[in-house]
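Numbering (this note's numbering), first residue to last: -13 to 106.
Beta carbons are placed, not taken as given, at the ideal position from N, Cα and C, and that holds for glycine.
Please read all numbers here as calculations on a predicted model, not as lab measurements.
This report concerns only the one structure given below.
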């Protein structure tokens, strides 16, 4: 469990704050999850289901615990919250992941946009 946490922190390239579960950026700024915890749960399920950590050989509970500690947020009811996600009555049940894909695609498209020489 501790090695998984260290792996995630190393991959994020942010050191742990001394004596706490918080992470800090290279500039020393403490990072914490400020969005809806349901969004983080949706993200962690996506990482888990895509088998992105330890070649998929990780327990969901361990992955939730790592993100909970790293971002100082309570995810203890993640199973119940995921049930709420599954029951959403909207066009998309994965609102947060869809929004992430939309904004990343926009960033890519904006980066590829033609910029006239006069504007450079």
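Length of the line joining the Cα atoms of residue i and residue j
i	j	result
residue 15	residue 49	23 Å
residue 76	residue 21	20 Å
residue 78	residue 71	10 Å
residue 43	residue 35	11 Å
residue 89	residue 82	11 Å
residue 30	residue 97	28 Å
residue 23	residue 61	7 Å
residue 32	residue 57	17 Å
residue 25	residue 95	24 Å
residue 64	residue 10	25 Å
residue 69	residue 41	25 Å
Coarse secondary structure for residue i, derived from DSSP in three states
i	result
residue 63	coil
residue 137	As displayed, the chain neither begins before -13 nor continues past 106, which places residue 137 out of reach and without an answer.
residue 90	helix
Start-to-end residues for the alpha helix (DSSP H) that takes in residue i
i	result
residue 33	23 to 35
residue 77	Note, residue 77: premise wrong, no alpha helix (DSSP H); not H, not E.
residue 52	46 to 57
Nearest-angstrom Cβ-Cβ length linking residue i and residue j, presumed shorter than 8 Å
i	j	result
residue 74	residue 27	13 Å between Cβ atoms; not a contact.
residue 52	residue 19	Between residue 19 and residue 52 the Cβ distance is about 12 Å, and since that is not below 8 Å, they are no contact.
heavy atom of the ligand NAP below 7 Å from residue i C-beta
i	result
residue 96	Questions concerning the ligand NAP fall outside what the structure shown contains, since it holds no ligand whatsoever.
Within-8 Å CB hit, residue i to chain B
i	result
residue 37	Of the protein chains in the structure, only one exists, and it is not chain B.
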